[in-house]
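Report on the structure given below.
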Amino acid sequence: MKKSISFALCFIFLFAVAQQTYAYALLGGKHKTNNLKFRITDFNGTYDKVGKPLNNAIADWNATSTKISFTSGGVGSEITIKAKNFGNVSWSGRCTNYRDLIIAGNYTGSVIEGNLYYLNQNSYSANKVKGVWGHELGHALGLAHVSGTNRLMYSTDARTVYKPTSDEINGVNSLYK
Ligand SMILES: [Zn+2]
-19 MKKSISFALC FIFLFAVAQQ TYAYALLGGK HKTNNLKFRI TDFNGTYDKV
31 GKPLNNAIAD WNATSTKISF TSGGVGSEIT IKAKNFGNVS WSGRCTNYRD
81 LIIAGNYTGS VIEGNLYYLN QNSYSANKVK GVWGHELGHA LGLAHVSGTN
131 RLMYSTDART VYKPTSDEIN GVNSLYK
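Using the numbering used here, you'd call the opening residue of the sequence shown number -19 and step up by one each time.
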């Protein structure tokens, strides 16, 4: 009897540790540099509704304790950002990471697209729009979706936080040393 109790306690302890350790998910790749440049190639949104939330999302990531930084750059920047009306296509933002075919884990570039069809809607507050940009920047860094709505990497715009949490920071710290 005593044995089975200690087994149960041990199981609970391991479960708690596992949850804490894997509170982020990774896509399986990363950029080669910690100092990421971004370049905005298409921008059809207004500053207040779309641009300022983008700037704030970038500032939120730069304010984290991680080793990464996002700064504005020119041709050859790791990250390309576009804000356009892609229509009623069920995504408000998306990120495509392109991989190095020789060094499989490395990204050669990321393209982040914000869909103004959604971002311009009244139901999208400045914070909600910031959350979309911050989430896509997380994908560009190599983070995948997680299941808590109180995480930036939650898969839908029903997320209740709009900047990187400790889980996103831990995930980025595991990739960028
Ligand atoms: Zn996503």
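By construction, the Cβ of each residue, glycine as well, lies at the ideal position given by its N, Cα and C atoms. Remember, predicted model here, so these are calculated numbers, not experimental data.
1. May I ask whether a heavy atom of ligand 1 can be found less than 7 Å away from the beta carbon of histidine 119?
2. Output needed for serine 127: all residues of its chain with C-beta closer than 7 Å, excluding positions within five of it in sequence on either side, in chain order.
3. Do you know offhand how far histidine 119's Cα is from aspartate 40's?
4. Could you tell me the boundaries of the alpha helix (DSSP H) in which alanine 120 lies?
5. Within 10 angstroms of its Cβ, does lysine 109 collect 16 or more other Cβ (buried), or is it exposed?
6. Starting from leucine 99, trace the alpha helix (DSSP H) both ways and give me its first and last residue.
7. Hey, alanine 63 and phenylalanine 18 are a contact pair by Cβ (cut 8 Å); roughly how many whole angstroms apart?
8. So, helix, strand or coil for tyrosine 87, using DSSP?
9. Give a single yes or no on whether serine 135 has its beta carbon closer than 7 Å to a heavy atom of ligand 1.
10. Please indicate yes or no: does the CB of histidine 11 lie closer than 7 Å to some heavy atom of ligand 2?
11. If distances are taken between C-alpha atoms only, which option among Ser154, Arg139, Leu117 comes closest to asparagine 42?
12. On the criterion of 16 or more Cβ atoms from any shown chain inside 10 Å, does glycine 56 qualify as buried, or is it exposed?
13. Under the DSSP definition of a beta bridge, which residues are partnered with arginine 19?
14. Taking the continuous alpha helix (DSSP H) assigned at glycine 9, which residues delimit it?
In terms of the structure at hand:
1. Checking every heavy atom of ligand 1 against the Cβ of histidine 119, one is found closer than 7 Å.
2. Apart from the 5 residues on each side of it in sequence, serine 127 has no Cβ closer than 7 Å to any other Cβ in its chain.
3. Those two C-alpha atoms are separated by around 15 Å.
4. Following the DSSP letters along the chain, one finds alanine 120 inside the alpha helix (DSSP H) bounded by residues 106 to 121.
5. For clarity, residue 109 is valine in the given sequence; the question names lysine instead. Burial call: buried.
6. Where leucine 99 is concerned, the enclosing alpha helix (DSSP H) stretches over 96 to 99.
7. The beta-carbon distance between alanine 63 and phenylalanine 18, rounded to whole angstroms, is 12 Å. This is too long to meet the 8 Å contact definition.
8. DSSP places tyrosine 87 in strand when its eight states are reduced to three.
9. It does: the Cβ of serine 135 is within 7 Å (strictly closer) of some heavy atom of ligand 1.
10. No copy of ligand 2 appears in this structure; the ligands present are ligand 1.
11. With respect to the C-alpha of asparagine 42, the residue from Ser154, Arg139, Leu117 having the closest C-alpha is Leu117.
12. Per the 10 Å Cβ criterion, exposed.
13. Under the DSSP definition of a beta bridge, arginine 19 partners with Thr60.
14. Secondary structure note for glycine 9: it is in no alpha helix (DSSP H), with a DSSP letter that is neither H nor E.
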